[in-house]
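Enquirer: Going by the numbering used here, the first residue of the sequence shown is number 536, and it counts up by one from there. Ideal Cβ positions, reconstructed from N, Cα and C, are used throughout, including at glycine.
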Amino acid sequence: MKIIKRGVALRMNGSFFAYQAWPSACVDENGVVYAVCSGFRAGHICPFGKTVLIKSRDGGETWSLPVVVNDRFLDDRDPGILYLGKGKMLVTRASHPAKNYENDYFDWIRGDSGSKGTELVKEYATLPESEREGGCFYRFLYDYGETAGEEKRIPVHSPHGPVMLADGTLFYLGKELFGADVFSVYTSADGGETFVKTGDCPLPEGYGSDQFHEVHCVELPGGVIMALFRTHLEENDDCFTMFRTFSADRGRTWSDPEPTGICGSPPHLLNADGRFVLTYGRRVPEYGVYAREVYPDGSISDEELKLFDGVDDDLGYPASVMLPDRTILTVYYAKYGGDKKTSILYTKWSL
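1) Which word fits residue 660, buried or exposed, when buried means at least 16 other C-beta atoms lie within 10 angstroms of its C-beta?
2) Out of 883, 683, 641, point me to the one whose CA is closest to residue 632's CA.
3) Note down the Cα distance separating residue 864 from residue 875, rounded to an integer number of angstroms.
4) Below 8 Å CB to CB, which residues in the same chain sit around residue 687 once its five sequence neighbours on both sides are set aside?
5) For residue 543, which residues of its own chain have a beta-carbon under 7 Å away from its beta-carbon, when the five flanking residues on both sides are left out?
6) Can you tell me the Cβ-Cβ gap for residue 684 and residue 590, rounded? I've got them flagged as a contact below 8 Å.
7) Determine, using beta carbons only, whether residue 752 comes closer than 8 Å to chain C.
8) Would you tell me roughly how many angstroms separate the C-alpha atoms of residue 719 and residue 734, rounded to the nearest one?
9) Mind checking residue 840: buried by the 16 CB within 10 Å criterion, or exposed?
10) Please state whether DSSP places residue 844 in a helix, a strand or coil.
11) Regarding residue 719 and the ligand NAD, is the C-beta to nearest heavy atom distance less than 7 Å?
12) If we call anything under 8 Å between Cβ atoms a contact, is residue 789 one with residue 782?
13) When you compare the region 565-575 with the region 591-598, are there three or more beta-carbon pairs, one atom per stretch, that lie closer than 8 Å?
14) Can you tell me whether residue 553 is buried or exposed? The criterion is at least 16 other CB atoms within 10 Å of its CB, across all chains shown.
15) From the DSSP output, which residues share a beta bridge with residue 540?
16) Taking 8 Å as the cut-off, decide whether the C-beta atoms of residue 846 and residue 822 are in contact.
17) Measure the alpha-carbon distance for residue 700 versus residue 835 and round it to whole angstroms.
18) Going by DSSP, what residues sit across from residue 794 in a beta bridge?
19) For residue 657, name the three-state secondary structure that DSSP assigns.
20) Considering only residues of the region 610-679, which uninterrupted alpha helix (DSSP H) runs meet the minimum length of 4 residues and lie entirely inside it, listed in chain order?
21) According to DSSP, which residues form a beta bridge with residue 735?
22) Please report how far the alpha carbon of residue 824 lies from the alpha carbon of residue 540, in whole angstroms.
23) Would residue 776 and residue 802 qualify as a contact pair, given that the criterion is a beta-carbon distance under 8 Å?
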């Protein structure tokens with residue numbers, strides 16, 4: 536594995552809304568890369584986030600200006616994007632309920648966005664209940680991202696959204712935003728028009744819902760699905776790690792989740808034309824974004840490639856695509872240079 540180039544996809548240094556975070560990416564049949572993120576933010580926890588879309592027509596060398604895809608009154612967070620073919624994409628995102636901003640996050644918001652954020656949160660009391668409850672959502676983009684369909688609700692969320700299986704089924708393993716002790720599988724056989732629940736993935740014994748989050752999946756040879764979870768271990772909560780589980784029956788049942796021992800999370804998994812890639816962020820020294828190869832049996836290489844050298848722990852959430860020339864483009868969020876707020880950055884690399 537080797538690095539080819541690093542660069543910037545979306546940076547707005549100097550603006551109050553300069554904080555951009557948590558990207559996802561896909562690529563179409565023409566090699567155009569699409570990335571979504573939570574953009575125009577004041578900070579990590581603030582009420583201003585929007586889902587924005589950027590494009591690159593030259594393999595990540597240059598990027599378009601951001602276009603707003605979602606802008607509800609609550610913060611739009613953790614978007615995912617999946618290319619479905621013929622210019623159609625599925626974009627997911629989530630919003631925390633208003634009560635979380637009013638209570639649990641209010642001090643954090645004051646620190647990240649000051650009076651502008653706290654005044655906006657006070658307006659949440661005037662919202663109708665349907666707007667206050669937050670939730671998990673998805674919508675279609677058509678015409679290669681030029682037009683958007685109506686937004687729909689779905690019970691679960693995970694940052695990068697669903698994956699497409701070899702037979703075209705959309706497979707979404709996710710978690711209700713708060714309090715769920717089980718991850719649920721929702722699948723769609725009609726390209727995302729409808730989703731039905733098809734299975735559950737319980738947490739391992741001895742772990743709670745506050746320790747397992749943000750899962751991503753990949754279909755291995757033979758139809759086995761591997762899932763990796765962001766996991767917080769009580770003995771070292773700052774060192775996010777990953778647990779791994781497998782399903783041989785399309786998500787109806789799962790093996791007992793087992794630790795990978797990797798220091799880093801949350802995961803993103805990519806089928807790079809028959810070779811499998813795991814990328815993740817590390818929020819303890821040595822800060823950064825890393826990649827490892829995953830073998831067809833689901834085992835993970837001990838060798839890791841450092842895609843980006845971070846300056847602090849506010850980074851990660853990588854997502855990778857394979858370009859037509861078989862190089863890999865990974866987008867992630869982190870501080871660029873001496874910036875105070877984070878941007879969307881990229882690394883182009885090769886297996």
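Expert: Walking through what the data contain:
1) Position 125 of the sequence shown, counted from the first residue, corresponds to residue 660. Label assigned to residue 660: exposed.
2) Within the sequence shown, residue 632 is the residue found at index 97, counting from 1. The shortest Cα separation from residue 632 among 883, 683, 641 belongs to 641.
3) Here the question's residue 864 lines up with position 329 in the sequence shown. Here the question's residue 875 lines up with position 340 in the sequence shown. Going from the Cα of residue 864 to the Cα of residue 875 covers about 25 Å.
4) As a first step, residue 687 is located in the sequence shown; it is residue number 152 there, counting from the start. These residues qualify, in order along the chain: 672, 673, 674.
5) In the sequence shown, counting from the first residue as 1, residue 543 sits at position 8. The residues are 871, 878, 880.
6) Position 149 of the sequence shown, counted from the start, is the residue given in the question as residue 684. Position 55 of the sequence shown, counted from the start, is the residue given in the question as residue 590. Under the criterion of beta carbons closer than 8 Å, residue 684 and residue 590 do not qualify as touching, at roughly 18 Å.
7) Among the chains in the structure shown there is no chain C, since it carries only a single protein chain.
8) Indexing the sequence shown from 1 puts residue 719 at position 184. Indexing the sequence shown from 1 puts residue 734 at position 199. Each residue's Cα considered, the two are about 6 Å apart.
9) Within the sequence shown, residue 840 is the residue found at index 305, counting from 1. Result: buried.
10) Translated into the one-based positions of the sequence shown, residue 844 becomes position 309. Of the three classes helix, strand and coil, the one that applies to residue 844 here is strand, per DSSP.
11) Only the bare structure without any ligand can be found here, which leaves the ligand NAD out of the picture.
12) To locate residue 789, count along the sequence shown from 1; it is residue 254. To locate residue 782, count along the sequence shown from 1; it is residue 247. Yes, they are a contact pair.
13) Touching, yes, given that three or more Cβ pairs across the two stretches are closer than 8 Å.
14) As a position in the sequence shown, residue 553 is number 18, starting the count at 1. Residue burial annotation: residue 553 is buried, with at least 16 other C-beta atoms found within 10 angstroms of its C-beta.
15) In the sequence shown, counting from the first residue as 1, residue 540 sits at position 5. Answer is 883, bridged to residue 540.
16) Here residue 846 refers to the residue found at position 311 of the sequence shown. Here residue 822 refers to the residue found at position 287 of the sequence shown. The Cβ atoms of residue 846 and residue 822 sit closer than 8 Å to each other.
17) Taking the first residue of the sequence shown as 1, we reach residue 700 at position 165. Taking the first residue of the sequence shown as 1, we reach residue 835 at position 300. Each residue's CA atom was taken as its position, placing residue 700 and residue 835 some 21 Å apart.
18) What you label residue 794 is simply residue 259 of the sequence shown in a count that begins at 1. DSSP lists 778 as the beta-bridge partner residues of residue 794.
19) By one-based count along the sequence shown, residue 657 stands at place 122. Here residue 657 sits in helix by DSSP.
20) If we require 4 residues or more, the alpha helix (DSSP H) runs fully inside the region 610-679 come out as 641-657, 664-667.
21) Within the sequence shown, the letter at position 200 stands for residue 735. Looking at the DSSP assignment, residue 735 forms a beta bridge with 719.
22) As a position in the sequence shown, residue 824 is number 289, starting the count at 1. As a position in the sequence shown, residue 540 is number 5, starting the count at 1. Near 14 Å, if we compare the C-alpha coordinates of residue 540 and residue 824.
23) Walking along the sequence shown from the start, residue 776 turns up at place 241. Walking along the sequence shown from the start, residue 802 turns up at place 267. With contacts defined by Cβ atoms closer than 8 Å, residue 776 and residue 802 do not form a contacting pair.
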